[in-house]
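Just so you know, we're using this note's numbering here: the sequence shown kicks off at 6 and counts up by one.
Here is the structure we will look at, set down as structure tokens.
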Amino acid sequence: MLKWFCFQKGGIYYYMNKYKTLLSNTLLISIGTFGSKILVFFMVRFYTGYLSPADYSTADLITQTANMLFPVISLGITEGVFRFALDNERGRRSIFTAGFEVITAGSLMFLIAVPILCSFKSFKGYVWLIVLYTMASCYHSLCAQFVRAVGDTALFAVQGIINTSLVIGLNILFLAVLKIGVTGYVLSVVAADLLSTVFIFVKEKLWRQFTPHPKKAAFVKMLKYSIPLIPTTIFWWITSVSDRYMVNGFIGQYANGIYTVSYKIPTVLTLVSTIFMQAWQFSAVTESHGDRKEHIKFFSGVWRSFQAVMFLAGSAVIAFAKP
């Protein structure tokens, strides 16, 4: 009787396995993401020592502009790659190839549209950095999301650690040794993304995932899924980042540089949420098959736990905030 209960759907072990998978993925992603971001957080003192507030403001606006362009250039296809490669093992080659081709086409169109960016005075002399940052980020995200979809969460975490280590090392080289300022700050991220992409590509042997004739259905279903998410990403960006452009425009680069540095503290809360959401995406898709009542029970339990953790994390940020 006990054995029957434990292995029946709805039995306690059934739910324990679900939570165990979610927890293990969260921990692995935390190692690669939270630990890495904390290291970058502690690098703020280093950045402020080698970059003036105005330079730090410029570097931040370059990276944030690239982050806004990312879903437009890629058509959000990296989200589609993760979603459909996760539960379609046979079609993974077409899915990965379709994602690669969409990003490549978007990158070529982006290069054609570069003169538009050149018209903005804030980015004068730095447009090429925005282009490199955006394109490197697109290809890195494609490979990282694909390995996460195929279940290699450990590799996803490792490449996150490698990426951050490269960013820190190259920042020290470009800012402290070569002293190339804003250009060095941005190039360190670009180089780290490219090298991390090569690492994933070689480690996972992603060249095997290319097919000369990807199925048209792969393009259609991924774009139907990804394109509607673009406005969501852009509006989230507007909510989170648009104030920096306003501060820069109305008060100046110096004030925006100080504001950008101070903004690093509350983003810890966003980081906690992002880590969980990345792990949750995996569980949400893999556990979406079967009885609807069981899904609702599992999802509700996870949601309550998520609310509690975010409340505690928010309370901690407030507690340590300087009045």
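Where is the CB? At the ideal position from N, CA and C, for every residue including glycine.
Continuous alpha helix (DSSP H) stretch holding residue i: start and end
i: Ala339; result: No information on residue 339 is available, as it lies outside the stretch 6 to 328 that the chain covers here.
i: Ser106; result: According to the sequence displayed, residue 106 carries Glu and not Ser. Counting along the chain, the alpha helix (DSSP H) containing Glu106 begins and ends at 97-117.
i: Tyr52; result: 49-55
i: His145; result: 132-154
i: Arg213; result: No alpha helix (DSSP H) holds Arg213; DSSP gives it neither H nor E.
i: Asp198; result: 186-208
i: Gly254; result: 234-255
i: Tyr230; result: 221-231
Integer Cβ distance of residue i from residue j, believed to fall under 8 Å
i: Pro219; j: Ser99; result: 4 Å
i: Leu147; j: Ile135; result: The pair is not a contact, with the Cβ atoms about 19 Å apart (cut-off 8 Å).
i: Leu211; j: Ile205; result: 7 Å
i: Ala141; j: Val172; result: The Cβ separation is near 12 Å, so there is no contact.
i: Val119; j: Val132; result: 6 Å
i: Trp232; j: Gly81; result: As written in the sequence, residue 232 is Ile, which differs from the Trp given in the question. Right, their Cβ atoms sit about 6 Å apart.
i: Thr322; j: Leu274; result: Note that residue 322 is Val in the sequence shown here, rather than Thr. Indeed, because the Cβ distance is near 6 Å, the residues count as touching under 8 Å.
Reference residue i, options the options, closest by Cα
i: Met73; options: Ala223, Arg50, Thr63, Val246; result: Val246
i: Pro217; options: Tyr230, Glu94, Ala103, Phe87; result: Ala103
i: Leu137; options: Phe151, Asn253, Ser112; result: Ser112
i: Ser62; options: Ala118, Trp242, Tyr259; result: Tyr259
i: Gly201; options: Asp60, Phe161, Leu317, Ile239; result: The sequence given here places Ser at residue 201; Gly does not occur at that position. Ranking the options by Cα distance to Ser201, first place goes to Phe161.
i: Ser79; options: Thr238, Ile323, Val252; result: Thr238
i: Phe105; options: Ile166, Leu180, Met227; result: Met227
i: Ala59; options: Thr265, Thr275, Val163; result: Thr265
i: Thr53; options: Phe304, Ala181, Trp241, Phe240; result: Ala181
i: Val77; options: Arg95, Met114, Asp92; result: Met114
i: Ser267; options: Arg249, Leu116, Val277; result: Arg249
CB contact check: residue i to chain C, cutoff 8 Å
i: Asp92; result: The structure shown contains no chain C; it holds only a single protein chain.
- contact_flag[the region 189-207, the region 59-78] where n(CB pairs < 8 Å) is 3 or more: These segments touch.
- Message: Under 8 Å: do the region 147-155 and the region 86-94 share three or more Cβ pairs, one atom per stretch?
- Response: When Cβ pairs closer than 8 Å are counted between the two stretches, the region 147-155 is seen to touch the region 86-94, the count reaching three or more.
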